[in-house]
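Before any comments, here is the structure.
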Amino acid sequence: MTLLLTKSCDYALLVAIEEGKGFPNDEDKDVFIHSRLDLPLPEPMEDLIPPPTLITTQPINLDSSPQWHTTLVYFISSKILKRLQQHQSSVNMQLLTISVDGETDEIGKLILPLNDAKVVLMKDGKRPLSYVKDYVVDKGSWQPVNHRAQLKVGLFIVDMPPPAGERNNRNIAMPNAPPNSNLCTNDQGLELQSADDVWNQLASCPTPSLNNTSQQASYLQIGQGSDRHTFVLRIKEALVPSTMLRPTPAPIHSDKPKAKEERRWVEYSFAQWHIRHLVNDQWQVTDPPMCLALKGHQQDIHEWLAEQDVVEVNLWAQQGRNTEQIIGKARIELRGWQLKVIEQASFPLHDRGNRLHVQPDYQFAKITVQLGLTNGWTDDDES
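Per our numbering, residue 2 is the first one in the sequence shown, and the count goes up by one each step.
If you want it as structure tokens, here you go:
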């Protein structure tokens, strides 16, 4: 799962989570991890609310040795990385359990200082990010999360080829893996080393780079074709009955009114990207849709989209500083669509207990999306 924090993407900050030990065993509960990057704002903006940096792992069964084997990714610019280092920032991890009725409890915490991060060097040219994620997932170390449980986790920095991950550019870049490759991530010219050289470069150069590489094409190649298409996915709005929103009670012995809901958003993952959109009070998304530039034969692109299978969308609500909750989930099926034009459809929206809610006017909770393929690229300025 990934999160884009800046328009320019010079580096990827990887949080590798392999496994745990010493956890309680409870077959009626799942366990998941909140990861938050401590993102300091410049002095003129210190009174503003920082952008959300939360990435959440998928819930897994709670047993004594939970197995995650996942790598979370923050895409950041060199300026942000420099500021993070100057402020001695960290990645703060919170481990929580969730019961069958949706109740959550914190069972541990962990802080990963950025200054302890390792750098992933690519000695023989760029590798797809998926290779790097697989390479680092077991390279962490055991860290205590409470008086009994431990988590094998690590923090890593990797240089990214521009303009990978550009948020507002409708062309999105991703390193391309060779077709049908079964390369071993332990022997792909990848190497770990101290981040001291990176900090030295950041101190002396405004746009540092760990590897000197040429600029990659800002599209995703599918197969061998040369046709240009754009895959558009827009989360339009959600119908959320009030029964899905759990009010936060006011503190005991407090005369202050109940806190107003500060933030709502929807988020989903597609291929290598993690997308987040803020919504208004009516759960309407005003951000531009995700537009992914693709190159290849249309049939190959259709098959590739079908292989993505399902896009899982989560609806989040936040009251207060650390009270984020998933209040609804929807599954967007990608199989069976013609995808030759932009179409609109609605999908059922369930709460955390997989229950479907109904409005008083008998409308089911749902999420409305628009998706499909268009010919050409949005910002097509190539010959």
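For each residue, glycine too, the CB sits at the ideal point set by N, CA and C.
Computed from a predicted structure; not experimentally measured.
Around the C-beta of residue i, are 16 or more other C-beta atoms found within 10 angstroms, so that it is buried, or is it exposed?
{"i": "I112", "result": "exposed"}
{"i": "A346", "result": "exposed"}
{"i": "S91", "result": "buried"}
{"i": "V74", "result": "buried"}
{"i": "E308", "result": "exposed"}
{"i": "T396", "result": "The requested residue 396 is not part of the displayed model; the chain covers only 2 to 384."}
{"i": "G337", "result": "exposed"}
{"i": "V137", "result": "buried"}
{"i": "V159", "result": "buried"}
{"i": "K296", "result": "buried"}
{"i": "K367", "result": "buried"}
{"i": "H230", "result": "buried"}
{"i": "A174", "result": "Caution applies to A174, whose pLDDT of 30 falls short of 50 and renders its modelled position unreliable; the value that the coordinates give is listed next. So A174 counts as buried."}
{"i": "K261", "result": "Because K261 carries a pLDDT of 48, less than 50, the predicted location of this residue cannot be relied on, and the following value inherits that uncertainty. Classification of K261: exposed, given that the 10 Å Cβ count is below 16."}
{"i": "Q87", "result": "exposed"}
{"i": "Q89", "result": "exposed"}
When you compare only the Cα positions, how much space is there between residue i and residue j?
{"i": "V312", "j": "D135", "result": "22 Å"}
{"i": "F365", "j": "E304", "result": "32 Å"}
{"i": "D27", "j": "D64", "result": "6 Å"}
{"i": "R353", "j": "K83", "result": "38 Å"}
{"i": "G190", "j": "D139", "result": "17 Å"}
{"i": "D301", "j": "N147", "result": "49 Å"}
{"i": "I61", "j": "L130", "result": "24 Å"}
{"i": "P41", "j": "G224", "result": "42 Å"}
{"i": "L115", "j": "T105", "result": "28 Å"}
{"i": "D310", "j": "G329", "result": "20 Å"}
{"i": "E325", "j": "W317", "result": "7 Å"}
{"i": "N376", "j": "P289", "result": "18 Å"}
{"i": "D362", "j": "L240", "result": "12 Å"}
{"i": "L357", "j": "T369", "result": "15 Å"}
{"i": "V342", "j": "A196", "result": "47 Å"}
{"i": "K257", "j": "K110", "result": "No answer about K257 holds up, because its pLDDT of 46 lies below 50 and its placement is not dependable."}
{"i": "W143", "j": "F348", "result": "41 Å"}
{"i": "R128", "j": "L293", "result": "20 Å"}
{"i": "Q371", "j": "G226", "result": "26 Å"}
{"i": "P180", "j": "Y220", "result": "At P180 the pLDDT is 34, less than 50, meaning the model places this residue with poor confidence; the figure from the coordinates comes in the next sentence. For P180 and Y220, the distance between alpha carbons rounds to 16 Å."}
{"i": "G103", "j": "H35", "result": "16 Å"}
{"i": "Q95", "j": "G21", "result": "13 Å"}
{"i": "V314", "j": "A272", "result": "13 Å"}
{"i": "Q222", "j": "I333", "result": "23 Å"}
{"i": "P25", "j": "W378", "result": "51 Å"}
Starting from the C-beta of residue i, find all residues in its chain whose C-beta is less than 7 Å away, skip the five residues before and the five after it, and write them out in chain order.
{"i": "V286", "result": "I236, K237, E238, V267, H278, V280"}
{"i": "K124", "result": "G190, E192"}
{"i": "G141", "result": "A17, E19, K153, V154, G155"}
{"i": "I276", "result": "E268, Y269, M291"}
{"i": "L85", "result": "L115"}
{"i": "P145", "result": "Q151"}
{"i": "Q299", "result": "D228, H230"}
{"i": "L246", "result": "A318, I328"}
{"i": "D117", "result": "L156"}
Go through its chain and collect everything with a Cβ distance to residue i's Cβ below 6 Å, but skip five positions before and after it.
{"i": "R149", "result": "G23"}
{"i": "E344", "result": "G373"}
{"i": "K119", "result": "F157, L193"}
{"i": "I18", "result": "W69, T71, V154"}
{"i": "A178", "result": "In this prediction, A178 has a pLDDT of 35, which is less than 50 and means its spatial position is unreliable; nothing more can be read from the coordinates."}
{"i": "P53", "result": "none"}
Could you round the C-beta distance between residue i and residue j to whole angstroms and report it? I think they count as a contact, below 8 Å.
{"i": "N93", "j": "D39", "result": "6 Å"}
{"i": "R1", "j": "Q319", "result": "No statement about residue 1 is possible, as the shown extent of the chain runs from 2 to 384 and does not include it."}
{"i": "L122", "j": "I108", "result": "Rounded, the Cβ-Cβ distance is 36 Å, inconsistent with contact."}
{"i": "V359", "j": "P242", "result": "7 Å"}
{"i": "F232", "j": "L350", "result": "So it is not a contact: roughly 23 Å between Cβ atoms."}
{"i": "M161", "j": "F76", "result": "7 Å"}
{"i": "L15", "j": "R37", "result": "Not a contact, Cβ separation roughly 15 Å."}
For residue i, which residues of its own chain have a beta-carbon under 8 Å away from its beta-carbon, when the five flanking residues on both sides are left out?
{"i": "D29", "result": "S100, V101"}
{"i": "Q283", "result": "E238"}
Whose C-alpha, out of the options, is nearest the C-alpha of residue i?
{"i": "T58", "options": "I327, D282, H88, A13", "result": "I327"}
{"i": "Q151", "options": "P67, L246, W317, G377", "result": "P67"}
{"i": "N355", "options": "K110, A331, A196", "result": "A331"}
{"i": "A13", "options": "P53, H35, D228, W274", "result": "W274"}
{"i": "L234", "options": "L335, L246, Q222", "result": "L335"}
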